[in-house]
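Taking UniProt numbering, I'd label the letters of the sequence shown as residues 1 to 180. This report concerns only the one structure given below.
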Amino acid sequence: MYTFKQAAELAGLHENTARTYRDRFLEFFACTGEGRRRRYPEEAVAILKLISEKVSQNLTQEQIQVELERKYGLFINTKTPEHNNTTLEDNNNTTSQLEIIPTTRTQFLELVRSAVAQELQSRDDVIAELKAELEKSRKNFNDLMDKQESLIQERDERIIAQIRELMVEKQKNPWWQFWK
């Protein structure tokens with residue numbers, strides 16, 4: 001087990017360059033400990049050498065990532081944070097979740113793709129429900145507007161009929177009493 005500085009020296013790289021590589025391809029570096037006590041296995045030296053070699057060949061980050069996946073797979077940190085409130089049930093749930101963690105990028109991407117597809121499907125369902133509800137509201141609104149228009153039309157017809165009746169009655173009187 002090496003410190004990161006030692007691993008960088010063994011790989012023949014400057015520490016800053018090695019840290020840049022580690023930050024770009026973090027999922028391939030396993031470590032134990034925390035902070036200044038963090039140690040990297042011998043595999044980290046080999047990974048740094050491979051990354052350095054591929055960078056010198058002018059490969060893209062994606063191409064290097066594919067090569068690392070093919071050769072090493074992804075490292076998944078399975079340590080759970082320590083909490084004072086953990087229960088046996090929480091630990092069992094964590095253990096069962098760790099068993100289904102994908103180890104390669106393609107598996108991870110497939111898992112993400114299926115999760116996104118499920119989320120999109122649920123959103124599509126919600127959108128369809130909202131569209132149906134909106135259509136129902138529009139239909140109700142149109143029905144109310146039609147009913148209101150017919151009521152207004154009937155009222156206008158009654159008013160016009162009453163005005164005509166008044167006009168007929170007024171015309172029955174002599175012309176000099178028209179304004180009375």
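No residue lacks a Cβ here, since even glycine has one placed at the ideal position from N, Cα and C. Just so you know, these numbers come straight off a predicted model, no measurement behind them.
Worksheet item: Starting from ASN173 and walking both ways along the alpha helix (DSSP H), at which residues does that stretch end?
Response: Walking along the sequence shown from the start, residue 173 turns up at place 173. No alpha helix (DSSP H) contains ASN173, which DSSP labels as neither H nor E.
Worksheet item: Nearest CA to the CA of HIS14: which residue from ARG24, LYS147, GLU69 and SER52?
Response: By 1-based counting over the sequence shown, the position of residue 14 is 14. The option with the nearest alpha carbon to HIS14 is SER52.
Item to complete: Grab me the residues of THR3's own chain with a C-beta within less than 7 angstroms of its C-beta, minus the 5 sequence neighbours each way, in chain order.
Response: Locating residue 3 in the sequence shown gives position 3, counting from the first residue. Contacts found: ARG39.
Item to complete: Figure out for me which residue from GLY12, PHE28 and GLY35 has the closest Cα to the Cα of GLU43.
Response: If you number the sequence shown from 1, residue 43 lands on position 43. Nearest Cα to GLU43 within the set GLY12, PHE28 and GLY35: PHE28.
Item to complete: Can you grab the Cα-Cα spacing for the pair ALA8 / TYR72, in whole Å?
Response: On the sequence shown, position 8 is the one that residue 8 refers to. On the sequence shown, position 72 is the one that residue 72 refers to. Distance between the alpha carbons of ALA8 and TYR72 is about 18 angstroms.
Worksheet item: From CYS31 to GLN61, what does the alpha carbon distance come to, in whole angstroms?
Response: Along the sequence shown, read from residue 1 onward, the residue named residue 31 stands at position 31. Along the sequence shown, read from residue 1 onward, the residue named residue 61 stands at position 61. Pairing CYS31 with GLN61, the inter-Cα distance amounts to about 22 angstroms.
Item to complete: Keeping to the same chain, check which residues put their C-beta closer than 6 angstroms to that of ALA11; ignore five residues upstream and five downstream.
Response: Taking the sequence shown and counting its residues from 1, one reaches residue 11 at position 11. Excluding residues within five positions, the ones whose Cβ falls inside 6 angstroms are VAL45, LEU48 and LYS49.
Worksheet item: Rounded to a whole number of angstroms, what is the C-alpha to C-alpha distance between GLU157 and MET167?
Response: Position 157 of the sequence shown, counting from 1, holds the residue named residue 157. Position 167 of the sequence shown, counting from 1, holds the residue named residue 167. If I take the Cα positions, the gap works out to 15 angstroms.
Practice prompt. Using three-state DSSP, classify ARG38 as helix, strand or coil.
Written response: Looking up residue 38 in the sequence shown gives position 38. In the structure shown, the three-state DSSP call for ARG38 is coil.
Worksheet item: Which class does THR20 belong to by DSSP, given the choice of helix, strand or coil?
Response: Within the sequence shown, residue 20 is the residue found at index 20, counting from 1. Note: THR20 maps to helix in three-state DSSP.
Worksheet item: Ordered along the chain, which non-local residues of its own chain (more than five positions away) have a Cβ less than 8 angstroms from that of LYS54?
Response: The sequence position of residue 54 within the sequence shown is 54, counting from 1. Around LYS54: GLN63, ILE64 and GLU67.
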